[in-house]
Amino acid sequence: MTAKTKPNARAKASPRKKAAARDWTAAFRVGPGRKIRLSAWNPDEDGGFEKKVTRKRTAKIIEEIDDLQYRLYAESKQALLVVLQAIDAGGKDGTIRRVFGPINPQGVRVTSFKKPTELERSHDFLWRIHRAVPPLGHIGLFNRSHYEDVLVVRVRKLAPPEIWKARYDHINAFERMLRDHGTRVVKFFLYISRDEQRDRMQRRLDDPGRNWKFSEADLEERKHWDDYMAAFEDALSRCSTADAPWYVVPANRKWFRDHLVATVLRDTLRAMDPRTPPSPDLSGIVIDG
Ligand code: ATP
Ligand code: MG
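Residue numbering for the sequence shown follows the numbering used here, beginning at 2 and increasing consecutively.
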């Protein structure tokens, strides 16, 4: 290679490299129609990033999300719905605290979905979900979601297969309808390993400050680990669409988890491109006194 061709080659490669670097989160997105196997994903993944630098970057990204959220609110023509799912001790609460903690609480609504009440059970499974969807101008955050109805309901046999099997189509149609209304949907599966779950549960037992988080019911769910993973695989494979994609978030390392979630949200909001309304003519207005 001559001295002349070298810089040219670099100049050509650089934008491509930059584009690839910008889109690094795509590797964690489940392609529509793709049948995934979680055993092929590594919950320890760190993207080759360095922890300290990445934490600082995440903080900057969250600042930008806050700014984009402000514009989303001012515009009030679109909404963003973020779905968080994970196995027990998977880090849903920590993700909410760390990624959404610094964002203006007026623009974000968090809804945690527990076991349905009697009233909720007397309605279709999407009734309580639809009521909690964010209005235009807002970001809505689901801590668990309608996906419980194809996860715990399937694993613990709370409904017969013909009921939960029909729900994948119901969910896809529901999320498409939300999109048609102006609501973007992004879904994250926080993926920890079985060993990591054990360690986190053990910490909850050993650390008095964390005892309150320990739940014997979680030990019972843990026995069904493989069934849960199979249920997640089907939900992610059948319900990741171009309009409402699923991301598999390697979540053993919290700093990487937060970075991936924040980056995807920032990129999604950037693509939504919310704009503050154009200024009216205010030139004749005088403020008294
Ligand atoms: P944390 O334990 O961090 O407070 P959590 O989301 O685990 O948060 P819990 O009250 O411990 O909250 O658990 C909620 C339970 O409700 C979970 O076991 C979940 O599977 C269950 N659940 C949620 N939605 C449904 C549903 N549609 N049908 C049946 N069970 C559900
Ligand atoms: Mg729990």
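Where a beta carbon is used, it is the ideal one built from N, C-alpha and C, also for glycine.
Could you check if A10 is buried or exposed, using at least 16 other CB atoms within 10 Å of its CB as the buried criterion? One-based indexing of the sequence shown puts residue 10 at position 9. The predicted model places A10 with a pLDDT of 39, which falls under 50 and marks its position as unreliable, so this point remains unresolved.
(request) With a threshold of 7 angstroms, establish whether the CB of S123 neighbours any heavy atom of the ligand ATP. (result) By one-based count along the sequence shown, residue 123 stands at place 122. The nearest non-hydrogen atom of the ligand ATP is 7 angstroms or more from the C-beta of S123.
| query | Between which two residues does the alpha helix (DSSP H) carrying Q70 extend? | reply | Stepping through the sequence shown from its first residue, residue 70 is reached at position 69. 52–76 is the extent of the alpha helix (DSSP H) around Q70.
Enclosing alpha helix (DSSP H) for K188 [first to last residue]: Translated into positions along the sequence shown, residue 188 becomes position 187. Unbroken run through K188 is the beta strand (DSSP E), 184–192; no alpha helix (DSSP H).
Notebook entry, point to check: For D259, does the count of other Cβ atoms within 10 angstroms reach 16, so buried, or fall short, so exposed?
Noted result: Counting from 1 along the sequence shown, the entry for residue 259 is found at position 258. Classification of D259: buried, given that the 10 Å Cβ count is 16 or more.
message: In whole angstroms, give me the CA-to-CA distance for A27 and T242.
response: For this step, residue 27 is matched to residue 26 along the sequence shown. For this step, residue 242 is matched to residue 241 along the sequence shown. If I take the Cα positions, the gap works out to 13 angstroms.
Inside the region 227–275 only - beta strand (DSSP E) runs reaching at least 3 residues | Fully enclosed beta strand (DSSP E) runs of 3 or longer: 247–251.
Q) Under the criterion of a Cβ to heavy atom distance below 7 angstroms, does L159 qualify as lining the ligand ATP? A) The residue labelled residue 159 in the question sits at position 158 within the sequence shown. Result yes, Cβ under 7 angstroms from the ligand ATP.
| query | So L85 packs on N144, CB below 8 angstroms; how close in whole Å? | reply | Translated into the one-based positions of the sequence shown, residue 85 becomes position 84. Translated into the one-based positions of the sequence shown, residue 144 becomes position 143. 6 angstroms between Cβ atoms; contact.
Regarding D150 and the ligand ATP, is the C-beta to nearest heavy atom distance less than 7 angstroms? Residue mapping note: residue 150 aligns to position 149 of the sequence shown, counting from 1. Of the heavy atoms belonging to the ligand ATP, at least one sits nearer than 7 angstroms to the Cβ of D150.
For this session: Could you tell me whether the Cβ atoms of M273 and Q79 are closer together than 8 angstroms?
Result: By 1-based counting over the sequence shown, the position of residue 273 is 272. By 1-based counting over the sequence shown, the position of residue 79 is 78. Contact check for M273 against Q79 passes: the beta carbons are separated by less than 8 angstroms.
Notebook entry, point to check: When every heavy atom of the ligand ATP is checked, does at least one fall within less than 7 angstroms of the C-beta of K115?
Noted result: Translated into positions along the sequence shown, residue 115 becomes position 114. In this structure, the ligand ATP has a non-hydrogen atom nearer than 7 angstroms to the beta-carbon of K115.
Practice task
Return helix, strand or coil for G210, following the three-state DSSP convention.
Solution key: Sequence index remark: in the sequence shown, residue 210 carries index 209 (1-based). Reduced to three states, the DSSP call for G210 is helix.
Exercise for the section: Confirm the yes/no value for this check: CB of D94, any heavy atom of the ligand MG, distance under 7 angstroms. Expected result: For the purposes of this step, residue 94 is identified with residue 93 of the sequence shown, where counting begins at 1. For the ligand MG, not one heavy atom lies less than 7 angstroms from the Cβ of D94.
>> When you measure from the CB of N212 to every non-hydrogen atom of the ligand ATP, does any distance come out below 7 angstroms?
In response: Within the sequence shown, the letter at position 211 stands for residue 212. No; taking the cut-off as 7 angstroms, the Cβ of N212 has no heavy atom of the ligand ATP nearer than that.
TODO: Take the Cβ of A12 as the centre, count every other Cβ of all protein chains shown within 10 Å, and call the residue buried at 16 or more, exposed below.
DONE: Indexing the sequence shown from 1 puts residue 12 at position 11. Summary for A12: the model assigns pLDDT 44, below 50, so the residue's position carries little reliability; its value from the coordinates is reported in the next sentence. Counting C-beta atoms within 10 angstroms of its own C-beta, A12 has fewer than 16 neighbours from the protein chains shown and is therefore classed as exposed.
- Task: Compute the distance between the beta-carbons of L127 and H171, then report whether it is under 8 angstroms.
- Result: For this step, residue 127 is matched to residue 126 along the sequence shown. For this step, residue 171 is matched to residue 170 along the sequence shown. Closer than 8 angstroms, so yes.
- Taking the C-alpha atoms as reference points, what is the distance between A232 and V100? Position 231 of the sequence shown, counted from the start, is the residue given in the question as residue 232. Position 99 of the sequence shown, counted from the start, is the residue given in the question as residue 100. The straight-line gap from Cα to Cα measures roughly 27 angstroms.
* Where the alpha helix (DSSP H) through A133 begins and ends -> Translated into the one-based positions of the sequence shown, residue 133 becomes position 132. The continuous alpha helix (DSSP H) containing A133 extends over residues 128–133.
Review point. With burial defined as no fewer than 16 other Cβ atoms inside 10 Å of the residue's Cβ, what is the status of G141: buried or exposed?
Key: As a position in the sequence shown, residue 141 is number 140, starting the count at 1. Result: buried.
What do you reckon, is the C-beta of S146 under 7 angstroms from a heavy atom of the ligand MG? Your numbering for residue 146 matches position 145 in the sequence shown. S146: no, Cβ never under 7 angstroms from the ligand MG.
Fill in: Backbone secondary structure at P278 - three-state DSSP
Here residue 278 refers to the residue found at position 277 when the sequence shown is read from its first residue. Taken through DSSP and simplified to helix, strand or coil, P278 comes out as coil.
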